[in-house]
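Residue numbers (the UniProt record's numbering): 1 to 390.
Below is one structure; the comments refer to it alone.
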Ligand SMILES: Cc1ncc(COP(=O)(O)O)c(C=O)c1O
């Protein structure tokens, strides 16, 4: 039995996933497979580090120092073969906060921001909240059911004089595409050519499945690095989202200075004490746990594909190259998003993310979080088939 098979009751822990179904969906008894956290315990080494820190008993202001920098440098080099420098680093509670600060620091209200839909919705929602215009470079879904970038359209959008920022998701959420070196090089060069700042959200980059290889776009070339802000975090990797600790890597000094000014403006200069402790422990000691997790997630992907292949083959599952968020094509059922939602919640008692939340071209798709014990996954699959069959 794997450690990830353990069923842990998360109810009454103020969990967004498990304690808010009534408030969010109007129903109580649904199996939540939507928001992107895992139903697994964090690595023991992280839990032990947190215990030790709590026992210390003083929780004053905290700022990650040299030891944290070393842990990050070592992690990124070991896992992703990228040598990063401590001078590039700054911290953020979450990546969404970082995106918001970056939009505020580097763009003006008359600017346009490019995103690739369907995409993690705060990318465009945050831009809109800042009253920036959003341009959607829609991802092309191939016959093989894989996302490809429409580079011609991307260049058209990047070349508009008002476009000043492109927010890349690498690996991509939803769908889990890990962009190739070639694709990233084209993106990096287009951004340089059209003077567009690149924000690369690499929060899913540690969760690589089936031997897929991830490249940090800033590792490709120095000029691309100087035009890129890379966001990484242990939050998805080690299931620490509630502890709120993330890292930004900003090699260009003047860009970093601007970001720090935005941090000061919003009073976001320190990190949560426990988040800091957990982040360092995870990057220092979490590797073996992560390797085990990846095997478990790969097994879960296979289970979903086999089960749906047998019981409801009209659902087409995109082969994920990373992370635990499956992108399910349910267009053949000819249901509106509202109809799908009703069927899932009331007939299936299952909460998934509707594809349209990720942008217009996500309609007819569902996103399913499979980072749970196999027993829960089976429950979810039975509920999904119950909801959509006939
Ligand atoms: C691509 C992407 N970025 C950011 C986040 C959230 O990051 P945070 O919780 O650090 O704000 C998620 C969560 O699902 C995500 O998928």
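Ideal placement from N, C-alpha and C gives every residue a C-beta, glycine not left out.
{"Query": "Just to be sure I understand the criterion: a residue counts if its Cβ is closer than 7 Å to at least one heavy atom of ligand 1. Which residues meet that?", "Result": "36, 94, 95, 96, 97, 120, 122, 169, 173, 201, 203, 204, 233, 235, 236, 241 and 246"}
{"Query": "Which one or two residues does DSSP pair with residue 140 in a beta bridge?", "Result": "148"}
{"Query": "Straight-line CA distance for residue 317 to residue 164?", "Result": "35 Å"}
{"Query": "Could you compute how far the alpha carbon of residue 135 sits from the alpha carbon of residue 263?", "Result": "26 Å"}
{"Query": "On the CB-based measure, 16 or more other CB atoms within 10 Å of its CB, does residue 250 come out buried or exposed?", "Result": "buried"}
{"Query": "Report yes or no: do the region 87–99 and the region 121–128 share at least 3 C-beta pairs separated by less than 8 Å?", "Result": "yes"}
{"Query": "Rounded to a whole number of angstroms, what is the C-alpha to C-alpha distance between residue 268 and residue 248?", "Result": "13 Å"}
{"Query": "Report buried or exposed for residue 29, applying the criterion of at least 16 other Cβ atoms within 10 angstroms of its Cβ.", "Result": "exposed"}
{"Query": "Out of 46, 302 and 323, point me to the one whose CA is closest to residue 35's CA.", "Result": "323"}
{"Query": "Return the Cβ separation of residue 329 and residue 365 in integer angstroms, given the expectation that the two are a contact with Cβ distance under 8 Å.", "Result": "6 Å"}
{"Query": "Return the CA-CA distance between residue 402 and residue 375, expressed in angstroms with no decimal places.", "Result": "As shown, the chain starts at 1 and ends at 390. That puts residue 402 outside it, with no answer to give."}
{"Query": "Since I believe residue 220 is in contact with residue 278 (beta carbons under 8 Å), could you give me their beta-carbon distance rounded to a whole number of angstroms?", "Result": "Between residue 220 and residue 278 the Cβ distance is about 30 Å, and since that is not below 8 Å, they are no contact."}
{"Query": "What separation, rounded to the nearest whole angstrom, lies between the Cα atoms of residue 185 and residue 177?", "Result": "16 Å"}
{"Query": "Excluding sequence positions up to five away, which residues of its chain have a Cβ less than 6 Å from the Cβ of residue 232?", "Result": "202 and 247"}
{"Query": "So, residue 112 versus residue 85, is the Cβ gap smaller than 9 Å?", "Result": "no"}
{"Query": "Identify which residue in 130, 158 and 118 has its Cα closest to the Cα of residue 140.", "Result": "118"}
{"Query": "For residue 221, report the span of its alpha helix (DSSP H) as first-last.", "Result": "First-last for residue 221: undefined, no H or E at that position."}
{"Query": "Could you tell me which residues DSSP puts in a beta bridge with residue 246?", "Result": "92"}
{"Query": "Let me know if residue 206 comes out buried or exposed under the rule of 16 or more other beta-carbons within 10 Å of its beta-carbon.", "Result": "buried"}
{"Query": "On the CB-based measure, 16 or more other CB atoms within 10 Å of its CB, does residue 368 come out buried or exposed?", "Result": "buried"}
{"Query": "So what does DSSP say about residue 156, is it helix, strand or coil?", "Result": "helix"}
{"Query": "With 16 other CB atoms within 10 Å as the buried threshold, where does residue 166 fall?", "Result": "buried"}
{"Query": "For the alpha helix (DSSP H) containing residue 294, name the first residue and the last one.", "Result": "287–311"}
{"Query": "What are the residues that DSSP puts in a beta bridge with residue 112?", "Result": "133 and 163"}
{"Query": "How far does the beta strand (DSSP E) with residue 368 in it extend, from its first residue to its last?", "Result": "365–369"}
{"Query": "Around the Cβ of residue 304, are there at least 16 other Cβ atoms within 10 angstroms (buried) or fewer (exposed)?", "Result": "buried"}
{"Query": "How would you label residue 60, buried or exposed, when you count the other beta carbons within 10 angstroms and need 16 or more for buried?", "Result": "exposed"}
{"Query": "Helix, strand or coil for residue 228? Go by DSSP, reduced to three states.", "Result": "strand"}
{"Query": "Around the Cβ of residue 39, are there at least 16 other Cβ atoms within 10 angstroms (buried) or fewer (exposed)?", "Result": "buried"}
{"Query": "Using a 10 Å radius around the Cβ and a threshold of 16 neighbouring Cβ atoms, would you call residue 175 buried or exposed?", "Result": "buried"}
{"Query": "CB-CB under 6 Å to residue 353, same chain, minus the five flanking residues each way: which ones, in chain order?", "Result": "34 and 367"}
{"Query": "Assuming residue 388 contacts residue 343 under a Cβ cut-off of 8 Å, what Cβ separation, rounded to an integer in Å, is found between them?", "Result": "6 Å"}
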